[in-house]
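*Asks:* Have a look at this one.
Number of protein chains: 6
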Amino acid sequence: MATDVRLKEELPAITDQLVETYTECSRLNHLAHEPLPNRDAVADIVADLFEVLYPGYGKRQNLHIGNIGYYVGSLVDSLHDKLTTQIARALRHELCHERDSAVSAPVPEPWESPSEDKPHTDCEKIAQPKAVELLRRLADVRKTLELDVEAAFRGDPAARSHHEIIFCYPGLEAITIYRVAHELYGLGVPFIPRMMTEFAHAKTGIDIHPGATIGPGFFIDHGTGVVIGETCHIGRGVKLYQGVTLGALSFTKDDDGGLLHGNYKRHPTLEDGVIVYANATILGGQTVVGTRAVVGSNVWLTESVPPDTTVVLEKPKLRLKGAKPNTEPLTYEI
Amino acid sequence: MATDVRLKEELPAITDQLVETYTECSRLNHLAHEPLPNRDAVADIVADLFEVLYPGYGKRQNLHIGNIGYYVGSLVDSLHDKLTTQIARALRHELCHERDSAVSAPVPEPWESPSEDKPHTDCEKIAQPKAVELLRRLADVRKTLELDVEAAFRGDPAARSHHEIIFCYPGLEAITIYRVAHELYGLGVPFIPRMMTEFAHAKTGIDIHPGATIGPGFFIDHGTGVVIGETCHIGRGVKLYQGVTLGALSFTKDDDGGLLHGNYKRHPTLEDGVIVYANATILGGQTVVGTRAVVGSNVWLTESVPPDTTVVLEKPKLRLKGAKPNTEPLTYEI
Amino acid sequence: MATDVRLKEELPAITDQLVETYTECSRLNHLAHEPLPNRDAVADIVADLFEVLYPGYGKRQNLHIGNIGYYVGSLVDSLHDKLTTQIARALRHELCHERDSAVSAPVPEPWESPSEDKPHTDCEKIAQPKAVELLRRLADVRKTLELDVEAAFRGDPAARSHHEIIFCYPGLEAITIYRVAHELYGLGVPFIPRMMTEFAHAKTGIDIHPGATIGPGFFIDHGTGVVIGETCHIGRGVKLYQGVTLGALSFTKDDDGGLLHGNYKRHPTLEDGVIVYANATILGGQTVVGTRAVVGSNVWLTESVPPDTTVVLEKPKLRLKGAKPNTEPLTYEI
Amino acid sequence: MATDVRLKEELPAITDQLVETYTECSRLNHLAHEPLPNRDAVADIVADLFEVLYPGYGKRQNLHIGNIGYYVGSLVDSLHDKLTTQIARALRHELCHERDSAVSAPVPEPWESPSEDKPHTDCEKIAQPKAVELLRRLADVRKTLELDVEAAFRGDPAARSHHEIIFCYPGLEAITIYRVAHELYGLGVPFIPRMMTEFAHAKTGIDIHPGATIGPGFFIDHGTGVVIGETCHIGRGVKLYQGVTLGALSFTKDDDGGLLHGNYKRHPTLEDGVIVYANATILGGQTVVGTRAVVGSNVWLTESVPPDTTVVLEKPKLRLKGAKPNTEPLTYEI
Amino acid sequence: MATDVRLKEELPAITDQLVETYTECSRLNHLAHEPLPNRDAVADIVADLFEVLYPGYGKRQNLHIGNIGYYVGSLVDSLHDKLTTQIARALRHELCHERDSAVSAPVPEPWESPSEDKPHTDCEKIAQPKAVELLRRLADVRKTLELDVEAAFRGDPAARSHHEIIFCYPGLEAITIYRVAHELYGLGVPFIPRMMTEFAHAKTGIDIHPGATIGPGFFIDHGTGVVIGETCHIGRGVKLYQGVTLGALSFTKDDDGGLLHGNYKRHPTLEDGVIVYANATILGGQTVVGTRAVVGSNVWLTESVPPDTTVVLEKPKLRLKGAKPNTEPLTYEI
Amino acid sequence: MATDVRLKEELPAITDQLVETYTECSRLNHLAHEPLPNRDAVADIVADLFEVLYPGYGKRQNLHIGNIGYYVGSLVDSLHDKLTTQIARALRHELCHERDSAVSAPVPEPWESPSEDKPHTDCEKIAQPKAVELLRRLADVRKTLELDVEAAFRGDPAARSHHEIIFCYPGLEAITIYRVAHELYGLGVPFIPRMMTEFAHAKTGIDIHPGATIGPGFFIDHGTGVVIGETCHIGRGVKLYQGVTLGALSFTKDDDGGLLHGNYKRHPTLEDGVIVYANATILGGQTVVGTRAVVGSNVWLTESVPPDTTVVLEKPKLRLKGAKPNTEPLTYEI
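Protein chains in written order, with the UniProt record's numbering: chain P, 1 to 334; chain B, 1 to 334; chain S, 1 to 334; chain U, 1 to 334; chain A, 1 to 334; chain X, 1 to 334.
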């Protein structure tokens, strides 16, 4: 490259300046700590779980009732190892973080050992039963997912078959990941449930917090922009469309001058059979949408709705302006 | 790993339990069936189609008028093979599915042959002409895309050049995939058109059903959250912004106690030159937005609009609350 | 494959027809031009920048204060080369494009040399100082990002730690990429800033134009569907939720019969400490949301708001319809 | 690139010239035929077989007696499919080849179908039992390999453990691949056995023809340059060193003016317990090295040797030349 | 990891010590020079050349006379670019090296520009005609290779078909690479011919110097250990077996106290139709093996042999030692 | 696939049969043990070592004296971690193996923990100083390699430059890997030195035991088939050609009825400045080839040679047979 050598000479100074910010702005670093859970490993775990939950739809083809036992047994065994390793990393990280926070620990001096053996060992011992318990629950997760698929088929007139739903519907993908992440969340596994749901969020645009409680037969159509908060309670047979927010009404809590971090109920409750149409927003921990209620598109709701009620926007008063508002010249005959 | 061997001993039982659910919840499996279309192969086909439709913008650089014929000829030839294979898989799957549905077939017994030879052969014979027809239509698709690019350039003041639009605009990416998927949809290819548009949906947040009918000069700006339903009719020179839903008004159809699966017109019609601004929602198969009409941001529309009309929300009545609603302490001087 | 040879014989004719469209619809090609910036290379640069900005969170683990200097020095050095190459490609492309536009150049004849040596060399000489300047600014970018992370922690009650925010929050990912892209934009680098923010857009659903001006302590929660236009001014300590549009009010400019391409202020200003809730839409270059104002969910705003004011939708007049609007049979007991 | 466009214009002519040679020198093409066995697929099969034959030494770690059944069951199942596919390709190719040879078929005209359905189906039906039979024999192959490993451990004083032999000894790798390839050869599978042993040849420099017959307890030390011909008979407990050739004495057959293609015995017989040292050459189908005989290094042998005999070169008459034959100046003190 | 931090602290000192050796032992570095040809790029070129020379045997399957033109045209075009780039790198490197050697240049000071523009440009201009000339000669190379394949089929009684030879014979692989490398060598391309033949050497154990001259109909059986020196002349229809060395008799040149670097004839001549059996060694630039002569296995030859002569080792005088020389206990019954 | 389901049903029985052999032939398994060193990780370490030893020749280009410190510092740091991990695995494996051998331990019962924590920790503590010591010695290794490169340049008239030797000569590649492996061998690291030299053996056909002692200025030309035994002593400035064996004379030790495993001197000594030509074989621990002696091609030597002596084969008595021994019809005019 025809580059100027004198400019390149500046790079060491730039490096030094950056390295200085690693002690100044230390919150952006993760130096001299135990390794975090590995993103690729967690993505790999999610892929393996799909193989177990929906055998025949994923990477491995030609599965049949005669070989499925081997394939699943092999996956379950390796999932045991992968889950144990990653859960142990997450637990160890949390331990360190709590310790750091407790004593507001500075960056450790270079002569200090960044890790001691004992927490290392303990974390794997705590992690393994959680990994096994998740695997134990997968059969039940499958039973719930069967109802989710059924609900999608009944709920979308464009669906041609159950196969299409499992293979193509981003809503089911997000729900599946949520259901697994929720089990890990319930088992007290830090970090990884959120990594999993953010993985789904990035792919589908559907952001379900792993802490939310969601009954079977749940269907999200299209889904982009859906947000479901940590303390939502969603009953059985609920259907959501794209852009629906089930959020906190946090800006009413202005007098304490700061946000409470924790699990108090901040997000709404949707009872069995509720339908919420596109881009509706339902906010607040005390807001309850009653059984079989329907919330229309674009509705903004901060209060409870009784069962068997339909809530829609008033027909909007539209301002109509006449005569050719769109005067961009079109490049083709109309 | 310092794991407990006794816990691992439970894994075979967990496997058995999971395998049991493969007969119980059989809708979630794809066992003892012909292979489905392959996701990676379809993604590969889409990538090749981009190379053909926008030569020089993709993987292969240094293309010029002297070598483009070889490159495209080679791609067309391999697209023929790849499309034929995947379309045949989709057709075969549909055949099996119809057969299964017809007789509500149980999981085949292990001693039954999961596939017979004849449908195997036939499907490739049906698939090939569809593959060739798609390739035949690509030249016309390019002519339409030229108008789409032109429309994007005219429609976005931030656009610097046609190159930037082809290279960076997610709206054009989604429209391109839709245009190809729509051709396959029209040729009666099951499954794959939807796989393609979901591929675009995952990447761009724009969800266009392959069944929708869309004229040339179509432009979607930003695009995240756009949903365009299966039976939409969209004219020439239409422009949409992010978050626009062109959906069904299905919750008015409550008396039949179930959704009709099929192709009756459920989604709106947008005539030539219509503009729909961000987060507007237009619903219903009878709703027609007339030529050159403009629908404002956040408008929720379930009735038709005459041509050359602008529809906006009434200026919202805002509740203004005084005095420092946001009391989070800021960490920096204001 | 059991395919019909006669059908395959048509492929050369199809190829010829496609190649013809490469001279007709020449806007869709990039033939006989200098290579564009490479998508994978730009993605690689973004990944390296994350390693430098958040060391220890990315690919390389086991970093500590003793080795971080080597690692970062090595990355800075290779970033210098990669950035110089890609910026030079972008500059060269723009030069060609301007030249082409100026003389409305046709596709060059095959016997014309598509590239000359002089612009080749010059572009790298112009590119290198821009690359070095970006690297020089990274330490300051880190200081700004520290405030962004802090703001996210204070702003989200569900956040457990700073680590979780850096590792899992799509909002921070989009902001980080924006902050780097914005520096390149300010340095007059064409094309690449937009490639970077579209990369973030595809992954997070958050679309921030690299030209926007955004103060420190910026937080976007959930984020899917957020759009921030090119000429926005956003102060310090601002918080946005999913689906917020800060856009142009372009359809008021109907009388000129075409859109002005350029940088006049088309998008709103948000002063320090503003909060905008989910799916709100704020439009127009003259619209100013004053210090510490709060804009409620779903609000559609085209006029300025004074400081310390809360703007919410009037409580919507809801139409309540009684008795079982949702009569889809549920598959489970309620 | 600063290249000359006029030179590039010649490329189409060069292409045409090459394409012409595809009809002239048609032996170097494989056009319009059924696909050959796939190299990568065969390499993949070999890798899977190593996982089955030496579990725990290969890709998959953390195997134990509790999960090995799943892992092997899963491998056996997928090996069944992979072997069936590749064996069918090999059989189909041979059928075509025989047909071609029979009628000295020219390159098929473009309008002729290159494949018909019937042979397609038949080949898989013939292939499957061969694949299953190979899998059935693997347990016995393992018993033989156990003796080979034992022989290596006894035969090499540098060997530290059985583990080292399995993990590091190229001789065992070549023998293992030979043993599997030999079974396929015996089952009448064309092409693939040779692909497998050439795979071993490329990696180890040991070239064992899959047709050779070799007893258990076989050990090759170092191995580079070893050649074992198609019709060799090697007894039990034989040991070879690098560079040993067990070849044909073909140049004695000069009067027929051409080589006989076929399986008549052209290569020597080594009875039980024979040792052959480095670079010895033993030639001829009638040459028999008797039980427990030892052939010394560099010996060239075309006649039989009785049992319990040691054959070494006569102490060579060396010409000694005095005084500093090597006068290259050394760069260091001696 | 449970590692000792104090030990890690030594790493910077170790790094400094290594960096010091980069100025001391500067011959082992390639710092501040133009980039060398890229190994992976050259391997890629070789793979593409195999696709052109043996279409249908390599990566791309389903080739037929209808699409082969596109495929080859596309390959030829990209080979033009790849070859030009790599040849230019090789030429530029040689220029620098010559310049360095001429003035015994020290490592350039950091403030000196390591490259100037002019040689950069020139090298590509010199490289391109060489690249095109190589492509131009490929049709002739194919005609020669047709004779090589024919010779292999006639020469090996174990060969089943021409297909097997092209697909499985390492000898043909090495000869093919040699034939291409030899053309480049003749065109004065430095470095790359040797990289290519070493690539073949690593894979096949056959080491043919690209400078050797070899007639058509050349066959190497098995091949491991074959060495063919730079100034060999090999006629038409020659056959070699494994371990044959055609080398220099360099140790007779002892009186000049150093080796002459250059191209004077150091290696033997083999006239048409010669056969050399396994592990024979033929040395010396004046040694000529006459037409149709045969050199037996293990023969060591430093003098010429007349045409139509067979040269074999005297039947070796073997020492036979009786009674159980091999007393290693065998683990199985004999 | 058109396969027979009944045949597939046999696969579980085949699996069971195989699993049975895992207890019978347990020497071929590595079940329920600590993981072995990882092949890919060791290959990766070797690649990193080449980057450190020959900077600028490998993967990373554009290195110069200004950035080399960062690059090498970063590599040294990660080599520390990788080496520590793999050496610990090797040590742990050896511990287990010794324990197993001592008590001839059966396969552990499923309820026994396969690993205990203490050895786990200890092995990393023993491994780390060995890893650091290797890194510490690399500067000296470089100084030795500088002499090896110099010797190659002086020893091969075909060598054009030092660059060509480092980039293309397999001999130097094998020697480099040997030099590193030898250091590890000397540090008492099990398993990994052999893995490294077998890695070189597979690629170059040169098999140097890591235990051999070899002085600086060592050159191997061509190299395929060279074998250098564990207890060789090779002085300074020695040159070997392809096919040279420096081996044991083990078959004279027949009276003990078994091979002694251990390190007693079994292989020859070559003093300073010795040259050994192609395919010579030198055997025996007592055999000493004196300073500056030359051993000719194909010589078979089991006794010592005085300094400054040349040993060549007696001019072989050749049997010449007249009249056209090679009567294969040639396909071309001679």
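Glycine residues also receive a C-beta, built at the ideal position from the N, C-alpha and C atoms. Predicted model, so just to flag it, every value in this text is computed and none were measured.
#1: Output the distance between the C-alpha atoms of residue 9(A) and residue 29(A), rounded to the nearest integer angstrom.
#2: So, residue 166(A) versus residue 149(A), is the Cβ gap smaller than 9 Å?
#3: Taking DSSP as the reference, what is the three-state secondary structure of residue 308(P)?
#4: Do you know how far the Cα of residue 53(X) is from the Cα of residue 304(U)?
#5: By a C-beta neighbour count over all protein chains shown, 10 Å radius and 16 as the cutoff for buried, is residue 213(S) buried or exposed?
#6: For residue 4(S) and residue 84(A), what's the separation of their Cα atoms in angstroms?
#7: For residue 180(P) and residue 51(S), what's the separation of their Cα atoms in angstroms?
#8: By how many angstroms is the C-alpha of residue 134(A) removed from the C-alpha of residue 230(A)?
#9: Counting only beta-carbon atoms, is residue 38(P) nearer than 9 Å to chain U?
#10: Do residue 87(S) and residue 177(S) come within 9 Å of each other at the CB atom, strictly closer than that value?
#11: Helix, strand or coil for residue 22(B) per DSSP?
#12: In three-state DSSP terms, what is residue 219(S)?
#13: Thinking C-alpha only, which one of 264(X), 163(X), 269(X) is nearest residue 238(X)?
#14: Is it the case that the Cβ atoms of residue 279(P) and residue 281(B) are separated by a distance below 9 Å?
#15: Residue 71(S) CB to nearest chain X CB: under 9 Å?
#16: Compute the beta-carbon to beta-carbon distance between residue 314(S) and residue 288(S), rounded to the nearest angstrom, for a pair I have assumed lies under 8 Å.
#17: In its own chain, which residues sit with a C-beta less than 6 Å from the C-beta of residue 219(U), not counting the 5 before and 5 after it?
#18: Extract the residue ranges of the alpha helix (DSSP H) inside the segment 224-304 of chain S, only unbroken runs of 4 or more that lie entirely within it.
#19: DSSP beta-bridge partners for residue 207(A)?
#20: Whose CA, out of 162(A), 24(A), 68(A), lies closest to the CA of residue 12(S)?
#21: Evaluate residue 241(U) with the Cβ neighbour count: other Cβ atoms within 10 Å of its Cβ, from every protein chain shown; 16 or more gives buried, anything less gives exposed.
#22: Between residue 90(A) and the rest of its own chain, which residues show a CB-CB distance below 7 Å, the 5 nearest in sequence each way excluded?
#23: For residue 44(B), go through chain A and note every residue whose CB falls closer than 9 Å to its CB, in chain order.
#24: Starting from residue 65(X) and walking both ways along the alpha helix (DSSP H), at which residues does that stretch end?
#25: So residue 8(U) contacts chain B; which residues on that side make the cut at Cβ distance below 7 Å?
#26: For residue 204(X), which residues from the same chain have a beta carbon less than 7 Å from its beta carbon, with the 5 sequence-adjacent residues on both sides left out?
#27: Give me, in chain order, the residues of the same chain whose beta-carbon lies closer than 8 Å to that of residue 291(A); leave out the 5 immediate sequence neighbours on both sides.
*Replies:* On the basis of the data shown:
#1: Taking the fifth sequence and counting its residues from 1, one reaches residue 9(A) at position 9. Taking the fifth sequence and counting its residues from 1, one reaches residue 29(A) at position 29. Residue 29(A) has its alpha-carbon roughly 26 Å from the corresponding atom of residue 9(A).
#2: For the purposes of this step, residue 166(A) is identified with residue 166 of the fifth sequence, where counting begins at 1. For the purposes of this step, residue 149(A) is identified with residue 149 of the fifth sequence, where counting begins at 1. In contact: residue 166(A) and residue 149(A) (Cβ atoms closer than 9 Å).
#3: Here residue 308(P) refers to the residue found at position 308 of the first sequence. It is coil, neither helix nor strand.
#4: Taking the fourth sequence and counting its residues from 1, one reaches residue 304(U) at position 304. Taking the sixth sequence and counting its residues from 1, one reaches residue 53(X) at position 53. Going by the C-alpha atoms only, they are around 52 Å apart.
#5: Counting from 1 along the third sequence, the entry for residue 213(S) is found at position 213. Residue 213(S) comes out exposed.
#6: Locating residue 4(S) in the third sequence gives position 4, counting from the first residue. Locating residue 84(A) in the fifth sequence gives position 84, counting from the first residue. So the two alpha carbons sit approximately 40 Å from each other.
#7: As a working mapping, residue 180(P) is identified with position 180 in the first sequence. As a working mapping, residue 51(S) is identified with position 51 in the third sequence. Annotation: residue 180(P) to residue 51(S) spans about 30 Å, alpha carbon to alpha carbon.
#8: Residue mapping note: residue 230(A) aligns to position 230 of the fifth sequence, counting from 1. Residue mapping note: residue 134(A) aligns to position 134 of the fifth sequence, counting from 1. One C-alpha to the other measures close to 20 Å.
#9: Stepping through the first sequence from its first residue, residue 38(P) is reached at position 38. Taking Cβ atoms only, chain U never reaches closer than 9 Å to residue 38(P), which makes this a no.
#10: Start at 1 with the first residue of the third sequence, and residue 177(S) comes out as number 177. Start at 1 with the first residue of the third sequence, and residue 87(S) comes out as number 87. No; because the gap between Cβ atoms is not below 9 Å, this pair is not in contact.
#11: As a position in the second sequence, residue 22(B) is number 22, starting the count at 1. Under the three-state reduction of DSSP output, residue 22(B) falls in the helix class.
#12: If you number the third sequence from 1, residue 219(S) lands on position 219. The three-state reading of DSSP puts residue 219(S) in strand, counting E and B together.
#13: Within the sixth sequence, residue 238(X) is the residue found at index 238, counting from 1. Among 264(X), 163(X), 269(X), the Cα nearest to that of residue 238(X) belongs to 269(X).
#14: By one-based count along the first sequence, residue 279(P) stands at place 279. By one-based count along the second sequence, residue 281(B) stands at place 281. Yes.
#15: Translated into positions along the third sequence, residue 71(S) becomes position 71. Residue 71(S) has a beta carbon lying within less than 9 Å of a beta carbon in chain X.
#16: Mapped onto the third sequence, residue 314(S) falls at position 314. Mapped onto the third sequence, residue 288(S) falls at position 288. Rounded to whole angstroms, the Cβ separation of residue 314(S) and residue 288(S) is 22 Å, and the two are not in contact under 8 Å.
#17: Numbered from 1 along the fourth sequence, position 219 holds the residue referred to as residue 219(U). Cβ contact annotation for residue 219(U) (same chain, cutoff 6 Å, sequence separation greater than five): 151, 152, 155, 239, in chain order.
#18: Within the segment 224-304 of chain S, no complete alpha helix (DSSP H) run reaches 4 residues.
#19: Walking along the fifth sequence from the start, residue 207(A) turns up at place 207. DSSP output for residue 207(A) lists 227(A) as bridge partner(s).
#20: Within the third sequence, numbered from 1, the residue matching residue 12(S) stands at position 12. Among 162(A), 24(A), 68(A), the Cα nearest to that of residue 12(S) is on 68(A).
#21: Indexing the fourth sequence from 1 puts residue 241(U) at position 241. Classification of residue 241(U): buried, given that the 10 Å Cβ count is 16 or more.
#22: The residue you call residue 90(A) lines up with position 90 of the fifth sequence. Closer than 7 Å at Cβ, skipping near neighbours: 37, 189, 190, 191, 192.
#23: Indexing the second sequence from 1 puts residue 44(B) at position 44. Against residue 44(B), chain A offers no close residue; the least beta-carbon distance is about 14 Å (beta-carbon pairs closer than 9 Å).
#24: In the sixth sequence, counting from the first residue as 1, residue 65(X) sits at position 65. No alpha helix (DSSP H) contains residue 65(X), which DSSP labels as neither H nor E.
#25: Walking along the fourth sequence from the start, residue 8(U) turns up at place 8. Within chain B, the residues near residue 8(U) are 66.
#26: Your numbering for residue 204(X) matches position 204 in the sixth sequence. Correct list, in chain order: 170, 173, 174, 223.
#27: Position 291 of the fifth sequence, counted from the start, is the residue given in the question as residue 291(A). Around residue 291(A): 235, 271, 272, 273, 274, 307, 308.
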